[in-house]
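Engineer:
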Amino acid sequence: MNDVTAIKNKNSRLSQFFHRRSLTICLLTLPFSLLVLGYVPEYAFRYHQQGSTFLLRASGTALIATIICGAALINLMRDVERNYSPQRCSLASVILLLAFAPVPVLVYKIFHYI
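Numbering (my numbering), first residue to last: 362 to 475.
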(Lines of atoms letter the chains of each structure in order from A and count residues from 1; the text may use other names and numbers.)
(Lines give C-alpha, C1' and ligand atoms only; values in the text may rest on other atoms or scores of the structure.)
Protein backbone atom coordinates (compact mmCIF):
# COMPACT_ATOMS: atom_id res chain seq x y z
CA MET A 1 0.00 0.00 0.00
CA ASN A 2 2.84 2.39 0.71
CA ASP A 3 4.08 2.12 -2.88
CA VAL A 4 0.69 3.18 -4.25
CA THR A 5 0.55 6.12 -1.85
CA ALA A 6 4.08 7.18 -2.82
CA ILE A 7 3.18 7.08 -6.52
CA LYS A 8 0.02 9.14 -5.93
CA ASN A 9 2.00 11.71 -3.94
CA LYS A 10 4.63 11.90 -6.67
CA ASN A 11 1.96 12.39 -9.36
CA SER A 12 0.21 15.07 -7.33
CA ARG A 13 3.48 16.94 -6.81
CA LEU A 14 4.19 16.73 -10.51
CA SER A 15 0.73 18.02 -11.42
CA GLN A 16 1.08 20.83 -8.87
CA PHE A 17 4.39 21.80 -10.48
CA PHE A 18 2.74 22.11 -13.91
CA HIS A 19 -0.37 23.81 -12.52
CA ARG A 20 -0.75 27.29 -14.07
CA ARG A 21 2.57 27.13 -15.92
CA SER A 22 1.32 26.77 -19.47
CA LEU A 23 3.13 29.84 -20.72
CA THR A 24 6.44 28.64 -19.28
CA ILE A 25 6.01 25.15 -20.70
CA CYS A 26 5.08 26.52 -24.14
CA LEU A 27 8.21 28.67 -24.08
CA LEU A 28 10.25 25.56 -23.29
CA THR A 29 8.91 23.88 -26.44
CA LEU A 30 10.54 26.48 -28.67
CA PRO A 31 14.09 25.01 -28.49
CA PHE A 32 12.71 21.67 -29.69
CA SER A 33 11.04 23.51 -32.53
CA LEU A 34 14.38 25.01 -33.53
CA LEU A 35 15.94 21.55 -33.40
CA VAL A 36 13.26 20.23 -35.77
CA LEU A 37 13.68 23.28 -37.98
CA GLY A 38 17.37 22.40 -38.32
CA TYR A 39 16.47 19.21 -40.18
CA VAL A 40 14.22 20.85 -42.79
CA PRO A 41 16.61 22.87 -45.02
CA GLU A 42 18.69 20.84 -47.44
CA TYR A 43 16.83 17.72 -46.37
CA ALA A 44 17.32 15.91 -49.68
CA PHE A 45 21.06 16.62 -49.77
CA ARG A 46 21.60 15.45 -46.20
CA TYR A 47 19.45 12.38 -46.79
CA HIS A 48 21.50 11.36 -49.83
CA GLN A 49 24.77 11.96 -47.96
CA GLN A 50 23.93 10.23 -44.68
CA GLY A 51 21.21 7.80 -45.74
CA SER A 52 19.06 5.97 -43.25
CA THR A 53 21.00 7.33 -40.26
CA PHE A 54 19.80 10.83 -41.04
CA LEU A 55 16.26 9.56 -41.61
CA LEU A 56 16.27 7.79 -38.24
CA ARG A 57 17.56 10.86 -36.39
CA ALA A 58 15.05 13.14 -38.09
CA SER A 59 12.22 10.73 -37.28
CA GLY A 60 13.26 10.52 -33.63
CA THR A 61 13.49 14.28 -33.35
CA ALA A 62 10.04 14.72 -34.91
CA LEU A 63 8.58 12.12 -32.55
CA ILE A 64 10.08 13.72 -29.45
CA ALA A 65 8.96 17.20 -30.53
CA THR A 66 5.43 15.91 -31.17
CA ILE A 67 5.27 14.31 -27.71
CA ILE A 68 6.55 17.45 -26.01
CA CYS A 69 4.15 19.73 -27.91
CA GLY A 70 1.29 17.33 -27.16
CA ALA A 71 2.09 17.39 -23.45
CA ALA A 72 2.23 21.18 -23.52
CA LEU A 73 -1.14 21.27 -25.31
CA ILE A 74 -2.73 18.98 -22.72
CA ASN A 75 -1.35 21.14 -19.92
CA LEU A 76 -2.69 24.26 -21.65
CA MET A 77 -6.16 22.73 -21.98
CA ARG A 78 -6.15 21.79 -18.30
CA ASP A 79 -5.10 25.30 -17.32
CA VAL A 80 -7.94 26.75 -19.40
CA GLU A 81 -10.34 24.57 -17.40
CA ARG A 82 -8.74 25.84 -14.17
CA ASN A 83 -9.51 29.48 -15.09
CA TYR A 84 -5.96 30.42 -16.02
CA SER A 85 -5.61 34.01 -17.27
CA PRO A 86 -7.16 34.31 -20.78
CA GLN A 87 -4.35 36.59 -21.98
CA ARG A 88 -1.71 34.09 -20.89
CA CYS A 89 -3.63 31.21 -22.45
CA SER A 90 -3.85 33.09 -25.74
CA LEU A 91 -0.15 33.90 -25.70
CA ALA A 92 0.72 30.31 -24.77
CA SER A 93 -1.42 28.95 -27.61
CA VAL A 94 0.28 31.22 -30.17
CA ILE A 95 3.73 30.19 -28.90
CA LEU A 96 2.70 26.53 -29.02
CA LEU A 97 1.48 26.96 -32.59
CA LEU A 98 4.84 28.46 -33.57
CA ALA A 99 6.65 25.63 -31.79
CA PHE A 100 4.62 22.92 -33.48
CA ALA A 101 4.58 24.43 -36.99
CA PRO A 102 7.87 22.89 -38.29
CA VAL A 103 7.00 19.38 -37.11
CA PRO A 104 4.42 18.56 -39.83
CA VAL A 105 6.82 19.90 -42.47
CA LEU A 106 9.55 17.52 -41.28
CA VAL A 107 7.11 14.61 -41.04
CA TYR A 108 5.97 15.29 -44.61
CA LYS A 109 9.56 15.26 -45.82
CA ILE A 110 10.28 12.01 -43.92
CA PHE A 111 7.27 10.26 -45.46
CA HIS A 112 8.19 11.63 -48.87
CA TYR A 113 11.55 9.82 -48.76
CA ILE A 114 10.36 6.54 -47.25
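Just so you know, even glycine gets a beta-carbon here, dropped at the ideal spot from N, CA and C.
Predicted, not measured: the structure shown is a model, and the values here were computed from it.
1. Taking only three categories from DSSP, how would you classify Ala433?
2. What number of angstroms, rounded off, separates the C-alpha of Leu467 from the C-alpha of Ala426?
3. For my contact list, Leu416 and Tyr408 are in at a C-beta cut-off of 8 Å; report their separation, rounded to the angstrom.
4. With distances taken between CB atoms, is the gap from Ile475 to Ala423 smaller than 9 Å?
5. Can the beta-carbon of Ile456 be found less than 9 Å from the beta-carbon of Leu388?
6. What is the DSSP secondary structure of Ala405, reduced to helix, strand or coil?
7. Give me the residue from Leu398, Gly431, Met438 with the minimum Cα distance to Ala419.
8. Tell me which residue opens and which closes the alpha helix (DSSP H) that Tyr383 is part of.
9. Could you check the C-alpha separation between Pro402 and Thr390 for me, to the nearest Å?
10. In the DSSP assignment, the alpha helix (DSSP H) including Tyr474 goes from what residue to what residue?
11. Helix, strand or coil for Arg443? Go by DSSP, reduced to three states.
Structural biologist: A quick look at the data gives this:
1. helix
2. 11 Å
3. 6 Å
4. no
5. yes
6. helix
7. Leu398
8. In the sequence on display, residue 383 carries Ser and not Tyr. Ser383 -> alpha helix (DSSP H) spans 383 to 398.
9. 20 Å
10. 463 to 474
11. coil
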